[in-house]
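Quick note, the sequences are listed as chains A and B, same order.
With our numbering as the guide, the letters of the first sequence map in order to residues 1495 to 1916.
With our numbering as the guide, the letters of the second sequence map in order to residues 338 to 424.
Ideal Cβ positions, reconstructed from N, Cα and C, are used throughout, including at glycine.
This report refers to the structure that appears directly beneath it.
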Amino acid sequence: MNRKERIILHIDVNSAFLSFEAVHRLQHGATVDVRKIPSAVAGSQATRHGIILAKSLPAKAYGVKTGEASWEAKQKCPGIVLIPPDYPLYMCCHRALVRLLKDYSDKVQVFSIDECFMEAPGMLMKEESIRFAHRIREHVRQELGFTVSVGVSTNKLLAKMGSELKKPDAVSTLFPPEVGKKMWPLPVEDLYGVGRAAAAKLHRYEIHTIGDLAETDVKLLSYLFKSYSRDHGQMLWEYAHGVERSDIMTSGPPTKSIGNSCTVHFDVEDRETAHAVLLSLAETVGMRLRLANLCGRVIGVSIRKSGDLVTYSHQVKIQSSIDCTDAIYEYCRRLFDAAWKGEPIRGLGVWVNDLSSSGYIQLSALEKDWDEKKKVDRTVDAIRAKYGPFSIVRGNFVQSGLAPLAGGAGGDAGFPVMTSIL
Amino acid sequence: MKIRMKRLKMIFWADENGRITPIRFLMKQDDASVIKVGSIRVMERKEEKLAGNRMLIFVCQSVVAGQQKVFELKYEIATCRWFLYKM
């Protein structure tokens, strides 16, 4: 790359939740940096949210993995320090990072709580772009106290893949001419867009590295992934070649789906309790839909089994779009009853997609009329907006031990923690 | 100087531009006794934004328990709390 080009950077906070906590503690007088001892941020075991959300490098050396149960982590590393999550702190760090990045460029895309894309102002040569990335990395460390890995390239995919190459506190380039050398030897599951199911499928066809994927006939990939979306196979093939064309989205991606899930603090073994949990999730989902002025035609329910933690789901497409809590709950209940095989349940999820603006709803003579219930929703939403989300709750949650509104990270709910759209 | 991070009761003044200056503070010791420190001379002021949390840092000098000492005070803007950070 010997000419000036548009440069995209991907900024990824290293062990984000743990780093945020470490810096916060040091600022408040802690003498031990939790990043330097075996430690991890983990949810509460009492409410069965006890999974590892982020771990320190010394904990990683013991084989502690993100996503595993905290008791497993304790078995691998008995002296591990477990820290409860603090979402308001993470949001404070996130906002500070975005503010700092916006001092350098007005084209900043928030990708998740600990990741951002940004477009460098103007066109830059390769060396200039590396210097620019180092300046940002250094500035974040000096001012905010945590470290970031920066990926530098000419599109978002390669910048994101680049930031994974070297951690922590590092700058890595992955320009299109470097794809063959730096990206193709990586395992295929490291490619953005290849999840667990897609990776298993690719392995069955002896596609083990990103290089293997790049050399595969695109028609075969389109055939293999036809159930995902029309062009998923083509997209993966392009990604393997480092081709990606989307712009930096400063206003956030359009909402494709709204959903909430929760882990229940005991095993749900009867239908009535499961229905109550679905209702509390439907309350949250319905409220978020109405707040965004959206309604949807596809309603889905996911069930997470208690023993092997395997999740299965069921969804239905209905005639007319809905945003009414009772309507969502009604469909969820039917879906659950049709799908549930009677095993103990660890968690449940509810989602609504195929969204459209709630200003234009195609009515159907075949569907139930939810007008009365919608009036109730409007009133309840107004009360909650004025007096807080728990100011009015359904009577069946009183004394039930269940949350009347389930799902969400707490604090600034609705934050896009994960997205599959670059 | 050692890190103390003790909460303080503080009297400070603010000028018309919002610039604050510590004047005197009261600190409870672990044995429940109280130390009063006045006539604080601010030698340096800094600001930190670690983890996005703004804190003002004052490097000060005064007489503490009969001895001339240098110490650092911290003021957390989000919570309006004062701390003896280092002494």
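Spatially closest choice to residue i from the options, by CA coordinates
i, options, result
"G1687/A", "P1679/A, V1665/A, R1698/A, L1707/A", "L1707/A"
"V1762/A", "P1838/A, V1642/A, T1648/A", "P1838/A"
"L1618/A", "D1600/A, I1501/A, L1547/A", "I1501/A"
"S1487/A", "L1503/A, V1528/A, Q1521/A", "For residue 1487/A there is no data in the structure shown, the boundaries of chain A being 1495 and 1916."
"A1963/A", "P1532/A, S1894/A, W1834/A, A1900/A", "Nothing can be reported for residue 1963/A, as the shown portion of chain A is limited to 1495 through 1916."
"I1752/A", "S1623/A, L1775/A, D1863/A", "L1775/A"
"E1609/A", "T1641/A, R1629/A, E1622/A", "T1641/A"
"V374/B", "E353/B, D368/B, D367/B, F408/B", "F408/B"
"Q1636/A", "V1517/A, Q1569/A, G1523/A", "V1517/A"
"E1813/A", "A1833/A, V1507/A, K1862/A", "Checking the displayed sequence, the identity of residue 1813/A turns out to be Gln instead of Glu. Taking only the C-alpha atoms, the option nearest Q1813/A is K1862/A."
"S1745/A", "V1604/A, R1593/A, I1701/A", "V1604/A"
"H1769/A", "E1499/A, A1833/A, V1634/A", "A1833/A"
"G1843/A", "I1574/A, D1741/A, Y1806/A", "Y1806/A"
"K423/B", "Q1521/A, V1758/A, R1784/A", "Q1521/A"
8 Å Cβ cutoff met for residue i and residue j
i, j, result
"K411/B", "F420/B", "yes"
"S1852/A", "C1789/A", "yes"
"A1534/A", "L1576/A", "yes"
"K1676/A", "L1659/A", "yes"
"C1818/A", "L1772/A", "no"
"Y1598/A", "M1585/A", "no"
"V1665/A", "I1624/A", "yes"
"A1627/A", "L1503/A", "yes"
"N1754/A", "G1901/A", "yes"
"I360/B", "T1525/A", "no"
"G1523/A", "M342/B", "yes"
"L1453/A", "E1515/A", "This structure cannot settle anything about residue 1453/A, because the visible part of chain A is limited to 1495 through 1916."
"L1916/A", "E1738/A", "yes"
"T1767/A", "L1899/A", "no"
"L1551/A", "C1587/A", "no"
"R1784/A", "D1875/A", "yes"
Within chain C, the residues that residue i reaches when beta carbons sit closer than 9 Å
i, result
"I340/B", "The structure shown has no chain C; the protein chains it does contain are A and B."
Sequence-distant residues of the same chain with beta carbon closer than 6 Å to residue i, five excluded per side
i, result
"I1816/A", "C1789"
"L1696/A", "V1682"
"K1570/A", "Y1556, G1557, V1558"
"I377/B", "P359, C397, S399"
Chain-order list of residues whose beta-carbon lies under 8 Å from that of residue i (same chain, five-residue window excluded)
i, result
"L1829/A", "I1793, G1794, V1795, H1808, Q1809, V1810"
"V371/B", "L363, M364, K365"
"L1730/A", "L1685, G1687, V1688, A1692, L1707, L1715, F1719"
"I357/B", "F349, W350, A351, L393, Y412"
"L1595/A", "I1505, V1602, C1610, M1612, I1630"
"W1864/A", "I1816, C1818, D1820, A1821"
"T1703/A", "W1678, P1679, L1680, P1681, V1682"
"I1918/A", "This structure cannot settle anything about residue 1918/A, because the visible part of chain A is limited to 1495 through 1916."
Proximal residues to residue i (C-beta, below 7 Å), its chain only, five neighbours per side dropped
i, result
"T1749/A", "A1786, L1788, L1849"
"A1548/A", "S1509, A1510, F1511, L1512, A1534, V1535, T1560"
"M1912/A", "Residue confidence is low: M1912/A scores 48 on pLDDT, short of 50, so the model does not pin down where it sits. Its coordinate-derived value is still stated next. Closer than 7 Å at Cβ, skipping near neighbours: S1606."
"K355/B", "Before going on, a small fix: residue 355/B reads as Gly here, not Lys. If we look at G355/B and ignore the five residues flanking it on each side, it has no Cβ neighbours."
"E381/B", "V396"
Does the region 347–364 of chain B come close enough to the region 1796–1805 of chain A that 3 or more CB-CB pairs lie under 8 Å?
-> no
Ranges of the alpha helix (DSSP H) found wholly within the region 1673–1756 of chain A, counting only runs of at least 4 = 1690–1698, 1704–1709, 1712–1718, 1726–1734
Are there three or more Cβ pairs, one per stretch, closer than 8 Å when the region 385–399 of chain B is compared with the region 1875–1884 of chain A?
-> no
Identify every run of the alpha helix (DSSP H) within the region 1844–1890 of chain A, keeping only runs that are complete inside it and at least 4 residues long; order them along the chain.
-> 1865–1881
Length-filtered (4 minimum) alpha helix (DSSP H) runs lying within the region 1518–1574 of chain A = 1551–1555, 1564–1570
Go through the region 1593–1674 of chain A residue by residue and report every complete run of the beta strand (DSSP E) that reaches 3 residues or more, in order.
-> 1602–1606, 1609–1618, 1642–1647, 1664–1667
Continuous beta strand (DSSP E) assignments of at least 3 residues falling wholly in the region 345–373 of chain B = 357–365
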